[in-house]
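Residue numbers (our numbering): 21 to 242.
C-beta: ideal position from N, C-alpha, C; glycine also.
If you're wondering where the values come from, they're calculated on a predicted model, not measured in any experiment.
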Amino acid sequence: MQGFTKTLVLASSLMAVSIGASADYRNDHTRQYEITLTNITKGISFTPFLAASHNRHIALFEVGEEASEEIGAVAEGGDISSLNALLEDNYRVADTASSEGLLAPGASTTMTLESRRGYGRFSLVSMLLPTNDSMAALQGAKLPRWGSQTYFLDAYDAGTETNDESCANIPGPHCGGVPFSPEDEGEGYIYPAAGIHGEGDLSQEAYQFDGPVVKVTVRRVY
21 MQGFTKTLVL ASSLMAVSIG ASADYRNDHT RQYEITLTNI TKGISFTPFL AASHNRHIAL
81 FEVGEEASEE IGAVAEGGDI SSLNALLEDN YRVADTASSE GLLAPGASTT MTLESRRGYG
141 RFSLVSMLLP TNDSMAALQG AKLPRWGSQT YFLDAYDAGT ETNDESCANI PGPHCGGVPF
201 SPEDEGEGYI YPAAGIHGEG DLSQEAYQFD GPVVKVTVRR VY
């Protein structure tokens, strides 16, 4: 798994916490949204999703750059705890929320996310199972001022683990393997996921995905 690089958006954006941010600045003009996530794949399941409402200066990662440890933890093991903590500590973030359990093919789940004036964007991330280090993500999408808006999540390879498609290196109910491979540096950068190759222990027919993998409907409640 890779660490921070000086060019990484996550490191430069999320770690720049302003000491001068006040409670009053963070707690006015509250808005609430329902986010409904629908799995539109044939055989992939998703680990719990992490959502964050934020301003335009936040990005979870940058395609073509090295993944942070926090993003690697999501992509390899579905662990959103360290990324959630990083987001919650940043004044550029208004709120975070997460879903529970696995999201099976064709299933939907809904979570509630709050935001405020000046925090008009949101991002989402989750791990695809069974994969070595693929994640579904949406970055910096606009929250609707009124009504609802639909988006689709694409899949990305975090580049933190080799795609050997061996169940020994893939966690979750499909494989039951270990979630992290610290000795495996993978490709070293984030890129659009290429789907399942049918190598190792994974069936391409059962688990292949191509194009968007999750439908997201965001509705303003108040």
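Given residue i, which residues of its chain have a CB within under 6 Å of its CB, disregarding the five upstream and five downstream residues?
| i | result |
| --- | --- |
| Gly215 | Gln228, Phe229, Asp230 |
| Val113 | Ala72, His74, Leu107 |
| Thr129 | Leu57, Ser119, Leu123 |
| Tyr45 | Low confidence applies here, because Tyr45 scores a pLDDT of 43, under 50, leaving its location unreliable; read the following figure in that light. For Tyr45, where only same-chain residues beyond five positions count, there are no Cβ hits under 6 Å. |
| Cys195 | Pro150, Cys187 |
Could you tell me which residues DSSP pairs with residue i in its beta bridges?
| i | result |
| --- | --- |
| Val238 | Ile55, Gln169 |
| Glu108 | DSSP output for Glu108 lists no bridge partner at all. |
| Asp7 | Missing from the structure shown is residue 7; the chain here goes from 21 to 242 and no further. |
| Thr130 | Thr56 |
| Lys162 | Arg141 |
| Ala115 | Reading off the sequence shown, one finds Asp at residue 115, where the question assumed Ala. Paired residues: Ser73. |
| Ser135 | Arg51 |
| Leu80 | Answer is none; Leu80 lacks a bridge partner. |
| Leu123 | Phe66 |
Which residues in the same chain have their Cβ closer than 7 Å to the Cβ of residue i, if we skip the five residues on either side of it in sequence?
| i | result |
| --- | --- |
| Ile64 | Pro125, Leu148, Leu149, Tyr227, Phe229, Val233 |
| Ile100 | Pro68, Leu70, Val94, Ser118 |
| Thr116 | Leu70, Ala71, Ala72, Asn104, Leu107, Glu108 |
Cβ of residue i within 9 Å of Cβ of residue j?
| i | j | result |
| --- | --- | --- |
| Tyr211 | Thr132 | no |
| Asp184 | Gly92 | no |
| Pro68 | Ser135 | no |
| Val238 | Ser143 | no |
| Asn189 | Gly197 | yes |
| Phe81 | Gln159 | yes |
| Arg137 | Lys162 | no |
| Arg165 | Arg240 | yes |
| Asn59 | Ala157 | no |
Enumerate in chain order the residues of its own chain whose CB-to-CB distance from residue i is below 8 Å, with the five nearest sequence positions on each side excluded.
| i | result |
| --- | --- |
| Glu225 | Gly218 |
| Ser102 | Glu89, Glu90, Ala93 |
DSSP state of residue i, grouped into three classes?
| i | result |
| --- | --- |
| Val94 | helix |
| Leu222 | coil |
| Ser201 | coil |
| Leu148 | strand |
| Ser65 | strand |
| Leu103 | helix |
| Asn264 | Given a span of 21 to 242 for the chain in the structure shown, any question on residue 264 remains unanswerable. |
| Glu89 | helix |
Can you tell me the Cβ-Cβ gap for residue i and residue j, rounded? I've got them flagged as a contact below 8 Å.
| i | j | result |
| --- | --- | --- |
| Ala96 | Tyr209 | The displayed chain sequence assigns Glu, not Ala, to residue 96. Rounded, the Cβ-Cβ distance is 15 Å, inconsistent with contact. |
| Tyr171 | Val236 | 4 Å |
| Thr182 | Gly206 | 6 Å |
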